[in-house]
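These notes concern the structure reproduced below.
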Amino acid sequence: MSLAEISDDEIINEDEVESTEPVKISPFSMLKAGPEPPFDLDGDYKNWLNASREQRKEIMRKQAKIVRRKQENYYKSIAREHNNVLLKLGKDDELKDWKYDYISEEESGICRRFLAEKTYLGRFKVAGEGERRLKNKDLQMRNDKKIKSDLSQYLLHYRPPDRRVLIASNLTFNKYNRVPVYCDITEKPEDVIIPSSLTFEYIDNNIVNDSVERNLAYALKLGGKKENQICCDCAAKGKECYENIDCQCFELNSKMSRLQPLKDDQLTEFSSRKPILFKHIFNTYYNNIGFACSELCGCLGKCNNNATFLIEKNLFPLEIYRSDMEMGFSVRSTVFIPAGTPVVEFAGELLEEAHVPLEHAEYAYQCSSKDDEKWELLLDRVNFEPAYDRLLRQFNKQNYYIDPTIYGNVARMVGHSCCPNMEVVRVYKRSLSPAHVNMIMVTLEDVYPGTPLSIDYGYHYSQRLVERCKCGTFACRNSKAKDLQHLNVLKLAEVIKEIHGHRREMFQRTVLKPMERFRNKSL
Ligand SMILES: C[S@@+](CC[C@H](N)C(=O)[O-])C[C@H]1O[C@@H](n2cnc3c(N)ncnc32)[C@H](O)[C@@H]1O
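Residue numbering for the sequence shown follows UniProt numbering, beginning at 1 and increasing consecutively.
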């Protein structure tokens, strides 16, 4: 049944929709859940697009080549990348109000506290158990453990070999968003193993297959009607959107923040110009939801009420690399990223839980949960057309996922960490169905060049990794450093602060200081 044939009161019971095989589906039957970003072709995209997964492996195998970097140029190459970000910022008026620098001491304290609590809670199977312990002040006060380990070994700075095998110079085929792929575990291009996980279709926005997820396709159609769109026209009145009580998008953003179980001055704020600082550790993912302006608004989403704004700018070059046989590919940033920054969206195919093939479970990420009472409460406070309102409430009876296995982006390669440097949260745009969600990855601490990007996969998933986790953080549950295994929250925050100090010192010494000397010379 095509979209046009679905009548307003014909909401489909998801149980009736049959699951399809995880075969490659033509991109032309896919509905994009957002506008296409600017695209400037880089490479032989047509050949790639028409190739099967096996043929794509062959393409990669054939194009794999050695690239070399002179050893003495390593920090200079990082400085060059840093300088490129500064140049980009200097040329872009839309970014003039965004600060590319260390966050303030006070903000750093908030980040450290959150990260320490997150790391602490990550050890407990039942959230309630961790919560109970965390609330126990005595436990937090005991702070007398001596750290014997040398913390400078936990800087997590991945310095690739000077001779690397480049598998793909740009996985996106878009000059505006280059993502190279390297294999650092083999010396010869002909020895490189190309796994199927590298042959996915690169997308920038979530997509909906209208023959599999008819209700989601219907939601895109109904949500696109003027009556159900949420957008604003503050720009025409010469006003910014964030904290503007007349802005419809900010109004919803603010209603969403009020679902957080905190007082006003402690709420996590979703704005474009301020760092996103998480204040409350419990159920961060479910409690922190934002609403952002979009291309439908007068401001075109370039205002201060769009937490996805920086992601759309592609300011931070990311790289996919393999440095470990078992762990597979990972992602690292080649530049500094301040804490509280949205770095990348986790994009993929939107699917109801029952439609996620079992073999994709490893990669799929839940983006809405059924019987969410807070969500129901939110829907009560927004006026939509009755048919659309009914559809939105029907969505609340199912779990929805973003599956990046066939269609995905660089975020699908982000690894697990027992002390992660990013958190995933939801920011809605245009309307409120699962087809309007953007899962964004926000930095939890300053990320220095070369650091692998990571999230916490959650207790149950990471439990499977316990014996073989290679996150390399001081808090790794697979670590042999016994003195770092059972630290309380205060001690964890202290250790995080010390490691952070080492990282900053190294960045200052190896990149920023030499850059000053290079000033006015070409890098
Ligand atoms: C979502 S995928 C990440 C991308 C994957 N590395 C790849 O090459 O396709 C999750 C898988 O990556 C590997 N992985 C991620 N984080 C890891 C960690 N900290 N230690 C060991 N393996 C990890 C595990 O094999 C895990 O099942």
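Even for Gly, the Cβ is constructed at its ideal location relative to N, Cα and C.
- Inclusion of PHE291 and LEU350 in the CB contact set at 7 Å is not warranted, their separation being larger than that value.
- Of the residues THR451, GLU423 and ASN306, the one whose Cα lies closest to the Cα of GLU94 is ASN306.
- According to the DSSP assignment, VAL335 belongs to no alpha helix (DSSP H), since it is labelled neither H nor E.
- Under the 10 Å beta carbon count, GLU243 is surrounded by fewer than 16 other beta carbons and is classified as exposed.
- Three or more beta-carbon pairs separated by less than 8 Å are not found between the region 384 to 395 and the region 176 to 193, which leaves the two stretches without contact.
- In this structure, ARG430 sits away from GLN248, with a CB-CB distance that is not shorter than 7 Å.
- 7 Å or more divides the Cβ of HIS157 from the Cβ of VAL335.
- Of the residues assessed, GLY301 falls on the buried side of the cut-off, its CB having 16 or more other CB atoms within 10 angstroms.
- In the three-state DSSP reduction, PHE291 falls in the strand class (E or B).
- Closer than 6 Å to some heavy atom of ligand 1: that does not describe the Cβ of TYR182.
- According to the DSSP secondary-structure assignment, CYS183 is paired through a beta bridge with VAL165 and ARG322.
- Note that the C-beta distance between THR268 and LYS255 is not below 7 Å.
- Beta-bridge analysis with DSSP links VAL447 to ILE337.
- When the beta-carbon positions are compared, ASP44 and LYS175 stay at least 7 Å from each other.
- Looking at the backbone, the Cα of LYS237 and that of ASN177 are separated by about 33 Å.
- In this structure, PHE474 and TYR154 form a Cβ contact; the two beta carbons are roughly 4 Å apart against a cut-off of 8 Å.
- Its chain contains VAL165 and VAL192 as the residues whose beta carbon lies nearer than 7 Å to that of THR186, once the 5 sequence neighbours on both sides are disregarded; these appear in chain order.
- For GLU129, the number of other beta carbons within 10 angstroms of its own is below 16, and it is reported as exposed.
- Around PRO38, the same chain offers TYR176 as residues with beta carbons nearer than 6 Å, after the five sequence neighbours per side are excluded.
- If you look at ILE66, you'll find it in the beta strand (DSSP E) that goes 65 to 68.
- For PRO261, the secondary structure class from DSSP, reduced to helix, strand or coil, is coil.
- Here the alpha carbons of VAL410 and SER197 stand approximately 11 Å from one another.
- Of the residues assessed, PRO404 falls on the buried side of the cut-off, its CB having 16 or more other CB atoms within 10 angstroms.
- Here TYR401 has LEU351, GLU353, VAL356, ALA364, TYR365, GLN366 and CYS367 as same chain residues with Cβ atoms under 7 Å from its own Cβ, once five neighbours each way along the sequence are excluded.
- Contact check for GLU505 against ALA339 fails: the beta carbons are separated by 7 Å or more.
- With 16 or more other Cβ atoms inside 10 Å of its own Cβ, HIS436 counts as buried.
- Assigned with DSSP and collapsed to three states, ARG426 falls in strand.
- Taking the Cα positions, VAL466 is about 16 Å away from VAL126.
- In the displayed model, LYS480 falls within coil according to three-state DSSP, outside both helix and strand.
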